[in-house]
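Chains as they are written, first to last, in the working numbering: chain A, 228 to 598; chain B, 28 to 301. Everything on this sheet refers to the single structure shown next.
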Amino acid sequence: MTVETAEVRDAPRAKSAATKIRRAQQDPAWLRWSLTGLAVAVVGVLIVLPVANVFAGALAEGAAVYWKNLVDDPDTRHAIGLTLTVVPIAVTANVVFGVAAAWAIARFSFPGRTLLTALIDLPFSVSPVVAGLMFVLIFGLQGYFGAFLRRDGYAIMPYLVAALLVLLLAVAYFVFRPSHPRARRGLWKTPPLGLAFVFATVFVLLVLGQQAFEVWPANKSLKIIFATPGLVLATAFVTFPFVARELIPVMNAIGADEELAALSLGANGWQMFWHVTVPNVKWGLVYGIILCNARAMGEFGAVYVVSGHIAGETDTMPLRIEKLFQEYNMPGSFAVASVLTLLAILTLVVKRKLEDRIPQSEQGRRTGAHP
Amino acid sequence: MASVNRKVLPGFSLTLGYTVFYLGLLVLLPITAVFVKAGSLSLHDFWGAVWTERARAAYLLTFGTSFVAALVNVLLGGLIAWVLTRYTFPGKRIIDALVDLPLALPTAVGGLVYASLYVENGWLGRFLVPLGIRGAYTRLGIVLVLVFVGLPFVVRTVQPVLADIDPEAEEASSSLGATRWQTFAFVILPTLFPALITGFALAFARSIGEYGSVVFISGNMPFKTEIAPILIVARLEEFAYGEATAIAVVLLVISFSMLLVINFLESWSRRHDR
């Protein structure tokens, strides 16, 4: 009898299936409300109050000063511009990698797959400062390539561009090739060896072209550390796992059936990818990009080490916050911080919206440790 | 498992090749560089860099504050996870979403705002400093930001496990005459234990490497409030690359061992689940 009355009393509270609580799981009301109050207070003090303080600090001297702090300070303006340059490059690189890694790992089995999946997570356990240090050790003045970069840094450009071009050609070849061997005509019949010959030609042409026309200046130092390329590298390292981590479980959950159907109906790789794979995983992809972007925008430690803090040159937004803080320009510092806070809030809202749309069979995504 | 014949689906060699290439270039090569650089130091130099009094103080502080912060996180995170899975109250969805904020908020913003909250005329400092509680530029401040940074890790690890607990176990326990408290201590807590430990390890691992938020609030005084990553930056600014690398290797080895521990714990708690 008592059981029933308790259930009747709590009926309105236990409406949704997820929160359906039976009698044995029901704590007394005083405990319920005091624990809830405590939890809300903890979230309030640890999370809500700081966020409120960011905006209070930014608007302390009025909206006009706030706006002035953001747009009239040339160094702050430059920092915003630099962040908006560095982040898209790093995020794009990691999206391309994430899609490739997810395709390889979720669609095929091969020896070392578990190891590869584990290695992708590696950057999460590296302290950002150590991540920055790594690139200083490689590209810094005293680093392994330091002397070379200083003497004739642009000499690597033809190789870099050639490698990129060859990669694009390879992608194009594999992606547009008809899926069925019998449908391959003309150029598509080219065996891999012939393909390798074309690639080698592209490579040699570019390197020779550089020697003949000097597209890139010779004997000029190329700055990577204390310059934008270093910022991109450090940001890309720190945000490396995000997209792959989100895509792999989503692709696993969806399975390859629809892709196989597309192929059997005569689609080539490109058509299958754009008309089947991308629409299937798009929310997972957006989710990964959102998280990757949030972390990239806010990255501090790794970027701090490689930037050299040249105001108006290599300061990104988080570094600008620190510099203004050191200069005791609190309203200015909070103004920049408020922009990043708005971005964080926006990220949370979009993230919440997306979580309902992503296939949820995968375990460990939400438990996932990492952001 | 969706592993398909490589002859049917296109792009295996291309995507795997690119994955390994990009991973090697951006992640493995730099990590190797650190170890190679550290290996080029003589044992004497290496030891001289990682075992100075200042470095020892920094390790002790890093681990001490990370440990305390992770412990606090287990308590607070466990409480929040409990309230979010077991109770309904107005604004629950907002609280649930807000728990993720420390992951989305740049660490520099977290550090900046915590520093200004707990200084003498800050929103919280004006009440706490007269009581003798100084949250800014002290070790307490480091713990505070580390609690902020690590909170989501514990909540998000415990929450799904708590939601999956079979109500029958609790019913059986209470029908056998256990009080609510006994049920909690002897039925629920043991089930949650692996998740709590995993959450602890995740928060701890994150705290060890944390830099952006701590640098604002700690004041960075050697021997007092200087954590290991700050010491690395200090060495780098003196252009002492060798010494910085040596300390970095110590941190890396610890982080990688933490990673192994976490992987073990996660497989342990998954076994525990079934």
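Think of the CB as a built atom: it goes at the ideal place given N, C-alpha and C, for glycine as much as any other residue.
So the alpha helix (DSSP H) residue i belongs to, where does it begin and stop?
i: LYS509 (chain A); result: 505-525
i: SER406 (chain A); result: Note, SER406 (chain A): premise wrong, no alpha helix (DSSP H); not H, not E.
i: PHE213 (chain B); result: No alpha helix (DSSP H) contains PHE213 (chain B), which DSSP labels as neither H nor E.
i: SER143 (chain B); result: 134-145
i: LYS416 (chain A); result: Taken as a continuous stretch (DSSP letters only), LYS416 (chain A) belongs to no alpha helix (DSSP H), as it is neither H nor E.
i: VAL63 (chain B); result: 56-66
i: SER93 (chain B); result: 80-113
i: GLU554 (chain A); result: No alpha helix (DSSP H) holds GLU554 (chain A); DSSP gives it neither H nor E.
i: ALA454 (chain A); result: Per DSSP, ALA454 (chain A) belongs to no alpha helix (DSSP H) and is neither H nor E.
i: ILE537 (chain A); result: Where ILE537 (chain A) is concerned, there is no enclosing alpha helix (DSSP H), given that its DSSP letter is neither H nor E.
i: GLU237 (chain B); result: Here GLU237 (chain B) belongs to no alpha helix (DSSP H), and DSSP marks it neither H nor E.
i: LEU342 (chain A); result: 340-347
i: ILE274 (chain A); result: Note, ILE274 (chain A): premise wrong, no alpha helix (DSSP H); not H, not E.
i: LEU490 (chain A); result: 484-491
Helix, strand or coil for residue i, going by three-state DSSP, please let me know.
i: ILE248 (chain A); result: A caution first: ILE248 (chain A) carries a pLDDT of 48, below 50, which makes its placement in the model too unreliable to give a value.
i: GLY51 (chain B); result: helix
i: ARG579 (chain A); result: helix
i: THR255 (chain A); result: The question names Thr, but residue 255 (chain A) in the sequence shown is Pro. Of the three classes helix, strand and coil, the one that applies to PRO255 (chain A) here is coil, per DSSP.
i: ALA255 (chain B); result: helix
i: HIS71 (chain B); result: helix
i: PHE424 (chain A); result: helix
i: SER560 (chain A); result: helix
i: GLU264 (chain B); result: helix
i: TYR371 (chain A); result: coil
i: PHE231 (chain B); result: helix
i: LYS447 (chain A); result: coil
i: GLY325 (chain A); result: helix
i: GLU441 (chain A); result: coil
i: VAL235 (chain A); result: Summary for VAL235 (chain A): the model assigns pLDDT 45, below 50, so the residue's position carries little reliability, and this model does not support an answer.
i: LEU364 (chain A); result: helix
i: THR229 (chain A); result: Low local confidence applies: a pLDDT of 40 at THR229 (chain A) is under 50, so the model's placement there is unreliable, and no value is given.
i: TRP497 (chain A); result: helix
i: ASP542 (chain A); result: coil
i: ALA163 (chain B); result: coil
i: SER565 (chain A); result: helix
i: ARG378 (chain A); result: helix
i: TRP150 (chain B); result: coil
i: THR206 (chain B); result: coil
i: GLU288 (chain A); result: coil
i: THR218 (chain B); result: helix
i: ASN479 (chain A); result: helix
i: PRO249 (chain B); result: coil
i: ARG584 (chain A); result: coil
i: ILE307 (chain A); result: helix
i: VAL276 (chain B); result: helix
i: LEU396 (chain A); result: helix
Can you check which of these residues, the options, is closest to residue i by C-alpha distance?
i: PRO480 (chain A); options: A:GLU549, A:VAL508 and A:GLY380; result: Sequence inspection shows Ala at residue 480 (chain A); the Pro mentioned does not correspond to that position. Checking every option, the nearest Cα to that of ALA480 (chain A) belongs to A:VAL508.
i: PHE440 (chain A); options: A:ALA382, A:GLY308, A:ALA521 and A:ALA410; result: A:ALA382
i: THR428 (chain A); options: A:MET384, A:ALA328, A:LEU392 and A:PRO277; result: A:LEU392
i: ASP254 (chain A); options: B:LEU189, B:ARG113 and B:ILE257; result: B:ARG113
i: VAL356 (chain A); options: B:ILE169, B:LEU258, B:ARG153 and B:SER296; result: B:LEU258
i: ARG183 (chain B); options: B:LEU167, B:LEU219, B:ILE274 and B:SER284; result: B:LEU219
i: PHE282 (chain A); options: B:LEU130, B:GLY137, B:ILE192 and B:PHE291; result: B:GLY137
i: LEU492 (chain A); options: A:SER406, A:VAL425, A:LEU376 and A:ILE517; result: A:SER406
i: ASN321 (chain A); options: A:VAL434, A:LYS580 and A:ILE517; result: A:ILE517
i: PRO179 (chain B); options: A:TRP510, A:TRP257, A:VAL269 and A:GLY528; result: A:VAL269
i: PHE39 (chain B); options: A:ALA327, A:ALA256 and A:GLY559; result: A:ALA327
i: LEU56 (chain B); options: A:LEU364, A:ARG304 and A:LYS295; result: A:LEU364
i: ASN100 (chain B); options: B:VAL185, B:ALA124 and B:GLY75; result: B:VAL185
i: SER283 (chain B); options: A:TYR514, A:ILE332, A:LEU342 and A:VAL353; result: Looking at the sequence shown, residue 283 (chain B) is not Ser but Phe. That would be A:VAL353, whose Cα lies nearest to the Cα of PHE283 (chain B).
i: GLY104 (chain B); options: A:LEU512, A:GLY271, A:THR303 and A:ALA266; result: A:ALA266
Measuring only from the beta carbon, is residue i closer than 6 Å to any heavy atom that is part of the ligand FAD?
i: HIS502 (chain A); result: Annotation note on the ligand FAD: not contained in the displayed structure, which lists no ligands.
Quick one: any contact between the segment 330-345 of chain A and the segment 310-317 of chain A, if contact means 3 or more CB pairs under 8 Å? Using a C-beta cut-off of 8 Å, the segment 330-345 of chain A makes no contact with the segment 310-317 of chain A, since fewer than three inter-stretch Cβ pairs fall below that distance.
Could you tell me whether the segment 494-509 of chain A touches the segment 433-452 of chain A, using the rule of 3 or more Cβ pairs below 8 Å? The segment 494-509 of chain A is not in contact with the segment 433-452 of chain A.
Are the segment 232-247 of chain B and the segment 159-168 of chain B in contact at 8 Å, needing three or more beta carbon pairs? The answer is yes - the segment 159-168 of chain B touches the segment 232-247 of chain B, with three or more Cβ pairs under 8 Å.
Should the segment 199-219 of chain B be regarded as contacting the segment 139-159 of chain B, the criterion being three or more beta carbon pairs within less than 8 Å? Touching, no.
Taking 8 Å as the cut-off, does the segment 270-277 of chain B touch the segment 346-361 of chain A (at least 3 CB pairs, one atom from each stretch)? Enough Cβ pairs lie closer than 8 Å, so yes.
Mind the definition here: the segment 517-533 of chain A touches the segment 266-281 of chain A only if three or more C-beta pairs lie below 8 Å; say whether that holds. No: the two stretches stay apart, fewer than three of their Cβ pairs being nearer than 8 Å.
For the structure I just gave you, are there three or more beta carbon pairs, one from the segment 528-546 of chain A and one from the segment 453-463 of chain A, closer than 8 Å? Segments in contact, yes.
The segment 145-155 of chain B in contact with the segment 199-215 of chain B per 3-pair CB rule at 8 Å: Touching, no.
Could you check whether the segment 538-548 of chain A touches the segment 294-314 of chain A, counting it as contact only if at least three pairs of C-beta atoms, one from each stretch, sit closer than 8 Å? At 8 Å Cβ cutoff, the stretches touch.
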